[in-house]
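The next block holds one structure in the form of structure tokens; read it before the comments.
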Amino acid sequence: MTKFVIWFLFATVFSTITAVAQGKTENLFLITIDGLRWNEVFTGAERKLLNKDRGGVDDTIGVQEKFWRDSASARRKALMPFFWTTLIKEGVVYGNRNLGSEAIVTNEIRISYPGYAEILTGSVQPEITTNEKKQIQEVTILEFLKSELQLSDVKVAAFTSWDLYPYAVSRKPGAVYCNAGYTPVNDGRLTQRQSFLNVIQDEIPKQWSNVRYDALTFHHGMEFIKKNKPRVFYFAFGETDDWAHDKRYDHVLEAAHRVDNYLKEIWQFVSSDPQYAGKTSFIITADHGRGSSDTENWTNHGREIPGSEYIWVAVFGPDSQKKGELSQTSMVHAKDIPATMAKLFGLNFRMVAPGCGQTIPLATY
Ligand SMILES: [Zn+2]
Numbered sequence: 459m460t461k462f463v464i465w466f467l468f469a470t471v472f473s474t475i476t477a478v479a480q481g482k483t484e485n486l487f488l489i490t491i492d493g494l495r496w497n498e499v500f501t502g503a504e505r506k507l508l509n510k511d512r513g514g515v516d517d518t519i520g521v522q523e524k525f526w527r528d529s530a531s532a533r534r535k536a537l538m539p540f541f542w543t544t545l546i547k548e549g550v551v552y553g554n555r556n557l558g559s560e561a562i563v564t565n566e567i568r569i570s571y572p573g574y575a576e577i578l579t580g581s582v583q584p585e586i587t588t589n590e591k592k593q594i595q596e597v598t599i600l601e602f603l604k605s606e607l608q609l610s611d612v613k614v615a616a617f618t619s620w621d622l623y624p625y626a627v628s629r630k631p632g633a634v635y636c637n638a639g640y641t642p643v644n645d646g647r648l649t650q651r652q653s654f655l656n657v658i659q660d661e662i663p664k665q666w667s668n669v670r671y672d673a674l675t676f677h678h679g680m681e682f683i684k685k686n687k688p689r690v691f692y693f694a695f696g697e698t699d700d701w702a703h704d705k706r707y708d709h710v711l712e713a714a715h716r717v718d719n720y721l722k723e724i725w726q727f728v729s730s731d732p733q734y735a736g737k738t739s740f741i742i743t744a745d746h747g748r749g750s751s752d753t754e755n756w757t758n759h760g761r762e763i764p765g766s767e768y769i770w771v772a773v774f775g776p777d778s779q780k781k782g783e784l785s786q787t788s789m790v791h792a793k794d795i796p797a798t799m800a801k802l803f804g805l806n807f808r809m810v811a812p813g814c815g816q817t818i819p820l821a822t823y
């Protein structure tokens, strides 16, 4: 055999290992909404929590007017109108247990960092058992995509409400651009809007020292997106979890409703920009569930709280089947997300993470 033939055979075999079928995805948004229960996503506000006693609701009449409807389908549209009227037509959502579709985190700890570690590395990280700031040890999907797609520093970025994320997005600190918590944005010459957001986030009184309000994360993130046009972008919203821990169901609902509006703004921008329109996929999920509204367990989650393992996973975009809300599916896991993200780009994450989860069935190719 000539050298050329040997090279050709090698290249052919190798490319079938590293690459999978290429779809239309050229950009990807991963969006997490911390600890937002499947119950609220699929059935809207829960009656048992729309009160002062169990839900810690302040203005019960106002909240009921805004979020209570008689049917589950009307309630979820009141809570997340953009998700349930527009986005849902663009892909699939797993996790409605009432319809025989379940999505879970595989890790048994069922708190935030172990959940995000699973979402980002595709496997349970045994050394991450708390929310302590500890650098992740395994390659993340963000690092993998940055390297495989040969992207420069601003083309892969994470904007997150929780300040732990610089430890979670890459093995080496700073290897993936990450603006987290109340850290000011610094991505070169700042726009007027970026400078203003830096000032305002510094000056406002803060509910939590380590979790930035989602509004600041969102508007900072959008400005970064418009300025730098990242190919891979991660938005991690946090208020849904922290308001629940604070036993404020009214604020949980408002936070979920705001994030729905952020999804709308992102979608509208993406649809109007030539780099993104028709070439951008979205994966939207949560890092854990939480307990039942039958007790005060709804405020919490963890190994000891039944129900904390249940999440939901939505995949929207040009390479998703347009089947909307799914029923009677096989189980989907948080650890399946990186392989799915890689596949959307025609790549195989298993190459660098042999123990990672499966790809979520969704592709039209
Ligand atoms: Zn969490």
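Counting in my numbering, the sequence shown runs from 459 upward without gaps.
Glycine included, each C-beta is placed from N, C-alpha and C at the ideal position.
All values derive from a computational prediction rather than experimental measurement.
Ranked by how close their Cα comes to the Cα of residue 682, the residues 619, 737, 652, 566 have 652 in first place. By the C-beta criterion, the region 539-550 is judged to be in contact with the region 721-730, since at least 3 inter-stretch pairs fall below 8 Å.
Listed in chain order, the non-local C-beta contacts of residue 810 below 7 Å within the same chain comprise 597, 602, local neighbours out to five positions each way being set aside.
With fewer than 16 other beta carbons inside 10 angstroms of its own, residue 632 counts as exposed. Straight-line measurement puts the Cα of residue 696 at about 28 Å from the Cα of residue 529.
For residue 615, the enclosing beta strand (DSSP E) begins and ends at 614-618. Here the distance from the Cβ of residue 745 to the nearest heavy atom of ligand 1 is below 6 Å. In this structure, DSSP gives residue 582 a state outside helix and strand, which the three-state scheme calls coil. In this structure, residue 639 has its beta carbon at no less than 6 Å from each heavy atom of ligand 1. Look at the region 640-716 and you find these whole runs of alpha helix (DSSP H), each 4 residues long or longer: 650-661, 672-686, 697-703. Excluding sequence positions up to five before and after residue 750, its CB lies within less than 6 Å of the CB of 765, all in the same chain and listed in chain order.
Going by DSSP, residue 537 is part of the alpha helix (DSSP H) stretching over 530-537.
A Cβ-Cβ contact shorter than 7 Å links residue 491 with residue 717. When the five nearest sequence neighbours on each side are left out, the beta carbons in the same chain lying within less than 7 Å of the beta carbon of residue 495 are those of 747, 748, in order along the chain.
At a Cβ-Cβ threshold of 7 Å, residue 634 and residue 600 count as neighbours. A residue is called buried once 16 or more other Cβ atoms fall within 10 Å of its Cβ, and residue 604 is buried on that count. Counting along the chain, residue 795 sits inside the alpha helix (DSSP H) bounded by residues 795-802.
Distance from the CA of residue 664 to the CA of residue 480, rounded to the nearest whole angstrom, comes to 45 Å. Fewer than three Cβ pairs drawn from the region 751-761 and the region 519-527 lie within less than 8 Å of each other, which leaves the two stretches out of contact. For ligand 1, a non-hydrogen atom lies closer than 6 Å to the CB of residue 492. Residues of the same chain with a CB within less than 7 Å of the CB of residue 775, apart from the 5 flanking positions on each side, are 483, 548, 549, 738, 739, 740 in chain order.
With a cutoff of 7 Å on beta-carbon distance, residue 582 and residue 708 are scored as not near each other. Looking at the DSSP output, residue 783 sits in a beta bridge with 551. When secondary structure is reduced to three states using DSSP, residue 805 falls in the strand class. Residue 796 sits buried, since 16 or more C-beta atoms from the chains shown fall within 10 Å of its C-beta.
A Cβ-Cβ contact shorter than 7 Å links residue 570 with residue 745.
Counting the other Cβ atoms within 10 Å of the Cβ of residue 502 gives 16 or more, which makes it buried. Around the beta-carbon of residue 657, fewer than 16 other beta-carbon atoms lie within 10 Å, marking it exposed. Taking non-hydrogen atoms of ligand 1 into account, the C-beta of residue 672 is found less than 6 Å away from none of them.
Per DSSP, the beta bridge partners of residue 486 are 690, 739.
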